[in-house]
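In our numbering, each residue's number is its place in the sequence shown (first place is 1) plus 12.
Here a beta-carbon is modelled for each residue, glycine too, at the ideal position from N, C-alpha and C.
Below is one structure, written out as structure tokens; the observations come after it.
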Amino acid sequence: MSMINDFTIFAVIFLAMVIVLVFLGVKSVPQGQQWTVERFGKYIKTLDPGLHIIIPAIDVVSQRLSMMEEVMDIPPQNVITKDNAMINADGVVFYQIINAAQAAYQVKDLNKALLNLTMSNIRTVIGSMVLDEVLSKRDIINAQLLHTVDDASNPWGVKVLRVEIKDISPPQDLVDAMARQMKAERDKRAIILEAEGKRKADILQAEGEKQAIILEAEGRREAAFRDAESRERFAHAEARAMQTISIAVEEGNMQSMNYLIAIKYMGAINNLATSTNSKLLLMPLETAGVIGAFAGIKDIVKHASLKP
């Protein structure tokens with residue numbers, strides 16, 4: 013009876029040990045993680061997500077590493093620029109472990125190492141630039157930091173995806189000086205724009221006056237041309253009239269001579285009437301007779317038109 017009891021106890025203990033060993037030997041790795049396994053203190057393999065079996069009490073899971081992208085904040089720090097300006101800068105780093113073994117065994121504290129590496133490179137990159145470049149070329153700073161930190165952390169099995177400078181804060185006295193400089197620059201641009209506008213307005217005004225002078229000259233030329241044409245026509249008409257009168261005088265028609273004298277007489281009276289110095293105009297009694305001489309022009313014209 014005692015032997016049966018001893019066998020039962022042994023079987024229970026053995027079964028319990030088997031259950032414990034199976035429990036210790038079966039490992040389920042969650043999605044997004046990788047586990048490193050050591051045997052007698054030496055790395056042997058990496059467990060991917062899923063179900064795995066290891067040798068209990070011999071194989072030990074040493075590191076449980078997340079393979080997802082992680083974010084690390086870079087605390088603010090004082091940085092001196094190339095032109096000796098003191099600024100305060102902070103940032104953020106996005107990285108991902110791509111080799112669990114290297115991340116576990118190539119560096120003791122991955123987060124601390126990556127943090128110190130990024131902070132030192134921020135000082136290096138910003139220290140090689142003047143303040144104006146630091147404030148205006150943040151994309152260039154981010155690109156240089158990404159390239160440098162990624163290359164330096166590559167042996168650690170880490171891929172640095174992005175490095176971003178979050179905030180750059182110059183001292184208050186520099187901020188005030190920059191505000192005064194910006195105001196002076198804006199005033200300067202305003203003065204330049206105002207001067208350019210005045211110059212363009214003067215040019216347009218001069219062009220307008222030039223076109224007005226040209227148009228006025230063309231108008232005077234056209235008027236002179238038409239005036240000359242009118243005088244020419246009047247001269248032709250007067251010459252024709254004189255020719256007609258001459259023919260009439262040769263034929264013994266004295267009314268033509270009277271008409272000619274009347275024309276000259278009326279022209280003289282018109283000059284006296286339109287003169288600015290004339291105040292009083294006395295008409296002689298013979299004026300009515302002279303005016304009557306115009307009646308003879310009808311016979312002269314009729315006679316000239318009938319003559320072949």
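Residue 197 CB to nearest heavy atom of the ligand PLP below 7 angstroms: Questions concerning the ligand PLP fall outside what the structure shown contains, since it holds no ligand whatsoever.
Collapsed DSSP secondary structure at residue 32 in the structure displayed: Reading the sequence shown from its first residue, position 20 is the one you call residue 32. The answer is helix: DSSP assigns residue 32 an H, G or I state.
Nearest to residue 104 (by Cα), restricted to the options 112, 115 and 89: Sequence index remark: in the sequence shown, residue 104 carries index 92 (1-based). Comparing Cα-Cα distances from residue 104 to each of 112, 115 and 89, the minimum goes to 89.
Nearest-angstrom Cβ-Cβ length linking residue 147 and residue 86, presumed shorter than 8 angstroms: What you label residue 147 is simply residue 135 of the sequence shown in a count that begins at 1. What you label residue 86 is simply residue 74 of the sequence shown in a count that begins at 1. About 18 angstroms; that fails the 8 angstroms criterion.
CB of residue 44 within 8 angstroms of CB of residue 78, strictly: If you number the sequence shown from 1, residue 44 lands on position 32. If you number the sequence shown from 1, residue 78 lands on position 66. In this structure, residue 78 lies closer than 8 angstroms to residue 44 by Cβ.
Integer Cβ distance of residue 108 from residue 157, believed to fall under 8 angstroms: Taking the sequence shown and counting its residues from 1, the one referred to as residue 108 is at position 96. Taking the sequence shown and counting its residues from 1, the one referred to as residue 157 is at position 145. The pair is not a contact, with the Cβ atoms about 17 angstroms apart (cut-off 8 angstroms).
Alpha-carbon to alpha-carbon, residue 227 and residue 299: Along the sequence shown, one-based indexing puts residue 299 at 287. Along the sequence shown, one-based indexing puts residue 227 at 215. Note that residue 299 scores a pLDDT of 49, beneath 50, so its modelled location is shaky; the value from the coordinates is reported in the next line. Cα to Cα, the separation comes out at about 47 angstroms.
Segment contact flag, the segment 105 to 125 with the segment 173 to 182, C-beta cutoff 8 angstroms, min 3 pairs: yes
Within 8 angstroms, strictly: CB atoms of residue 142 and residue 94: Taking the sequence shown and counting its residues from 1, one reaches residue 142 at position 130. Taking the sequence shown and counting its residues from 1, one reaches residue 94 at position 82. Yes, the Cβ-Cβ distance between residue 142 and residue 94 is below 8 angstroms.
DSSP-derived helix/strand/coil call for residue 78: Residue 78 sits at position 66 when you count from the first residue of the sequence shown. Note: residue 78 maps to strand in three-state DSSP.
Spatial distance of residue 247 from residue 216 (CA atoms): Position 235 of the sequence shown, counting from 1, holds the residue named residue 247. Position 204 of the sequence shown, counting from 1, holds the residue named residue 216. Residue 247 and residue 216: Cα-Cα distance of roughly 46 angstroms.
Limits of the unbroken beta strand (DSSP E) element including residue 9: No information on residue 9 is available, as it lies outside the stretch 13 to 320 that the chain covers here.
Nearest residue (CA-CA) to residue 187, options 155, 225, 144 and 214: Position 175 of the sequence shown, counted from the start, is the residue given in the question as residue 187. The shortest C-alpha separation from residue 187 is found at 144.
Host beta strand (DSSP E) of residue 141 (start-end): Against the sequence shown, residue 141 aligns to sequence position 129. Segment: none, residue 141 is in no beta strand (DSSP E) and carries neither H nor E.
Sequence-distant residues of its chain with Cβ nearer than 8 angstroms to residue 65 (five each side left out): Translated into the one-based positions of the sequence shown, residue 65 becomes position 53. Taken in chain order, the residues that qualify are 37, 38 and 39.
Through-space distance from residue 233 to residue 244, alpha-carbon basis: Taking the first residue of the sequence shown as 1, we reach residue 244 at position 232. Taking the first residue of the sequence shown as 1, we reach residue 233 at position 221. Straight-line Cα distance between these residues: approximately 16 angstroms.
Beta-carbon contacts of residue 180 that lie in its chain and below 7 angstroms, excluding the five residues immediately before and after: Residue mapping note: residue 180 aligns to position 168 of the sequence shown, counting from 1. Excluding sequence neighbours, residue 180 sits near 99, 101, 146 and 147.
Residue range of the alpha helix (DSSP H) that includes residue 115: On the sequence shown, position 103 is the one that residue 115 refers to. Residue 115 -> alpha helix (DSSP H) spans 112 to 117.
Own chain partners of residue 297 with C-beta closer than 6 angstroms, once the 5 adjacent residues on each side are dropped: By one-based count along the sequence shown, residue 297 stands at place 285. Residue confidence is low: residue 297 scores 45 on pLDDT, short of 50, so the model does not pin down where it sits. No coordinate-derived value is stated.
Own chain, CB closer than 8 angstroms to residue 61, minus 5 neighbours either side, in chain order: Position 49 of the sequence shown, counting from 1, holds the residue named residue 61. Only 41, 42, 43, 44, 45 and 46 meet the Cβ criterion.
First through last residue of the alpha helix (DSSP H) which encompasses residue 152: Counting from 1 along the sequence shown, the entry for residue 152 is found at position 140. Residues 150 to 165.
Residue 223 (DSSP reduced to helix, strand or coil): Here the question's residue 223 lines up with position 211 in the sequence shown. Residue 223 falls in the helix class under three-state DSSP.
Helix, strand or coil at residue 44 according to DSSP, with G and I counted as helix: Looking up residue 44 in the sequence shown gives position 32. Looking at residue 44 - three-state DSSP - the assignment turns out to be coil, as it is neither helix nor strand.
In DSSP terms, what residue 89 is bridged to: On the sequence shown, position 77 is the one that residue 89 refers to. DSSP lists 101 as partners of residue 89.
Distance between residue 30 and residue 49 (C-alpha atoms, nearest Å): Numbered from its first residue, the sequence shown carries residue 49 at position 37. Numbered from its first residue, the sequence shown carries residue 30 at position 18. Taking the straight line from one Cα to the other gives about 21 angstroms.
First and last residue of the uninterrupted beta strand (DSSP E) at residue 67: Translated into positions along the sequence shown, residue 67 becomes position 55. Neither: residue 67 is in no beta strand (DSSP E) and is coded neither H nor E.
Through-space distance from residue 190 to residue 196, alpha-carbon basis: By 1-based counting over the sequence shown, the position of residue 196 is 184. By 1-based counting over the sequence shown, the position of residue 190 is 178. Going by the C-alpha atoms only, they are around 10 angstroms apart.
Start and end residues, beta strand (DSSP E) containing residue 120: Sequence index remark: in the sequence shown, residue 120 carries index 108 (1-based). Per DSSP, residue 120 belongs to no beta strand (DSSP E) and is neither H nor E.
Where residue 94 sits in the DSSP three-state scheme: The residue you call residue 94 lines up with position 82 of the sequence shown. Reduced to three states, the DSSP call for residue 94 is coil.
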